[in-house]
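Only one structure is covered here, and it is reproduced in the block below.
Residue numbers (the working numbering): 161 to 265.
What follows is the structure in structure tokens.
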């Protein structure tokens with residue numbers, strides 16, 4: 161009888177540990193999501209999915225970008241170049257289309 165009680169206490173403790181792990185992972189995920197949303201420009205967040213795909217594939221073909229992080233990095237670089245007046249016409253078109261879709265939301 162004593163062994164059964166010890167075993168059930170161990171199971172309860174394991175469940176508590178697993179629940180605590182899940183809560184920590186969930187909290188970290190929510191904090192990361194909040195951080196990402198505050199760091200990504202509103203024009204990109206509010207962009208329709210079809211426009212996002214168009215710009216993503218354009219960036220991928222023009223710059224040989226291999227992943228999403230690089231694509232967002234290039235969006236930021238394009239914005240900086242446009243603001244400083246050093247952008248190409250293609251970069252200005254990309255930036256203006258992002259701005260238009262951001263303002264339309």
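Where is the CB? At the ideal position from N, CA and C, for every residue including glycine. Please read these numbers as outputs of a predicted model, since none were measured by experiment.
Check	Outcome
Length of the line joining the Cα atoms of residue 212 and residue 242	19 angstroms
Inter-stretch contact at 8 angstroms, needing at least 3 Cβ pairs: the stretch 185 to 196 / the stretch 243 to 252	no
Neighbour-count burial assignment, residue 255, 16 or more Cβ in a 10 Å radius	buried
Local conformation of residue 189 per DSSP, three classes	helix
Selection from 251, 239, 253, 184 that minimises the alpha carbon distance to residue 200	239
Burial state of residue 184, where buried means 16 or more other Cβ atoms lie within 10 Å	exposed
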